[in-house]
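>
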Amino acid sequence: MSRILVVGDIHGGLRAVHQVLERASVQPHDTLIFLGDYVDGWSQSPEVLDFLIELQHHQHCIFIRGNHDELLLDWLESRRENIDETQWYKHGGEATVLAYEKVSEAQKLRHIEFLKNLKNYHLDDKNRLFIHAGFTNMNGIDYEYYPRLFYWDRTLWETALALPEDLSQESVYYPKRFTLYHEIYIGHTPVTRIGQTVPVHKAGIWNVDTGAAFKGPLTILDVDTKEFWQSEPLSHLYPTEKGRN
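This is how it looks when you write it as structure tokens:
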């Protein structure tokens, strides 16, 4: 049977992508949903994009937009006014800029086209939402005033973590936006911030960012069975690099 598999934030770690796809025994009939942040961190951001561009020709893939993907697109299209380069370099952009010194103009154009066509979110026929970061409007994604929050927001996950375990969905204090979707799958805020390196489930939200940009592994998760597979920690796969550490 075909599976729906969701992949966490990659951050330039192509070696980890190869590992998780192999460990999950991904088959051509499986659907892969990538939650964004393909770049910034480890040294292979251009190679990650090349791999994903090729992968979609023989695998059903859904590519969600992450905030780092937007930053790279702005940089590639010379919209430097949208980038705080000091902050971007600190959070993985420097490795990306260095890697692009070896990338041809034709290759850059292919990457620009790929980045422009990323989706802000994916909502499937079982009312499961796949989104990089979150949303803020209490009525859901169709009512979000600022679409960039789909890949920059952190309040959805922070609120999920703060909710009391015994708070009923029927309570007047339960956040309405947590009742709109059957499940929500996100990346963006690594679970290593709360001392975890495996997917974390809170209030109907599955966070699949297991810290691959830092010292954690990359994760791929079966959305139906919740079985997951992980790469080696990326700091082991790239021992001579710093990533975002």
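Sequential numbering of the sequence shown, starting at 2, is according to our numbering. All C-beta atoms, glycine included, are put in the ideal place defined by N, C-alpha and C.
Can you give me the Cβ contacts of L162 inside the same chain, cut-off strictly under 8 Å, excluding the 5 residues immediately before and after it?
If you number the sequence shown from 1, residue 162 lands on position 161. The answer, listed in chain order, is I195 and K203.
> Excluding sequence positions up to five away, which residues of its chain have a Cβ less than 6 Å from the Cβ of L222?
For the purposes of this step, residue 222 is taken as residue 221 along the sequence shown, with counting starting at 1. Excluding sequence neighbours, L222 sits near V7, P200, V209 and F229.
> Taking G217 as the reference, give the member of S236, T226, V224 and K227 with the closest Cα.
Counting from one through the sequence shown, the residue named residue 217 turns up at place 216. Of the listed residues, the one whose Cα sits closest to G217 is S236.
> For S172, I'd like the list of residues in its chain whose CB is within less than 7 Å of its CB, leaving aside the five on either flank, ordered along the chain.
Stepping through the sequence shown from its first residue, residue 172 is reached at position 171. Closer than 7 Å at Cβ, skipping near neighbours: no residue.
> Are there 16 or more other CB atoms within 10 angstroms of the CB of P191, so buried, or fewer, so exposed?
By 1-based counting over the sequence shown, the position of residue 191 is 190. By the 10 Å Cβ count, P191 comes out buried.
> Any idea if P47 is buried or exposed, counting beta-carbon neighbours within 10 angstroms, 16 or more meaning buried?
As a position in the sequence shown, residue 47 is number 46, starting the count at 1. Classification for P47: buried.
> Take G205 as the anchor and find which of G37, T198, Y175 and E233 has the nearest alpha-carbon.
Along the sequence shown, read from residue 1 onward, the residue named residue 205 stands at position 204. Looking at the Cα atoms, Y175 is the closest of the given residues.
> F115 lies in the alpha helix (DSSP H); which residues open and close that run?
The sequence position of residue 115 within the sequence shown is 114, counting from 1. Taken as a continuous stretch (DSSP letters only), the alpha helix (DSSP H) holding F115 covers E106 to K117.
> According to DSSP, simplified to helix, strand and coil, what is F64?
Taking the sequence shown and counting its residues from 1, one reaches residue 64 at position 63. F64 falls in the strand class under three-state DSSP.
> Excluding sequence positions up to five away, which residues of its chain have a Cβ less than 7 Å from the Cβ of Y249?
Residue coverage of the chain in this structure runs from 2 to 246, which leaves residue 249 outside it and unanswerable.
> Please determine, among A214, D225, C62 and L15, the residue with the shortest C-alpha to C-alpha distance to I185.
Residue 185 sits at position 184 when you count from the first residue of the sequence shown. Ranking the options by Cα distance to I185, first place goes to D225.
> I'd like to check one pair, D31 with N68: are the Cβ atoms closer than 8 Å?
Translated into positions along the sequence shown, residue 68 becomes position 67. Translated into positions along the sequence shown, residue 31 becomes position 30. Taking 8 Å as the Cβ cut-off, N68 and D31 do not qualify as a contacting pair.
> Going by C-alpha to C-alpha distance, which of G135, N246, D10 and N118 sits closest to Q155?
The residue given as residue 155 occupies position 154 in the sequence shown. In the sequence as presented, Gln is not what sits at residue 155; that position holds Arg. Minimum Cα distance to R155 is reached at G135.
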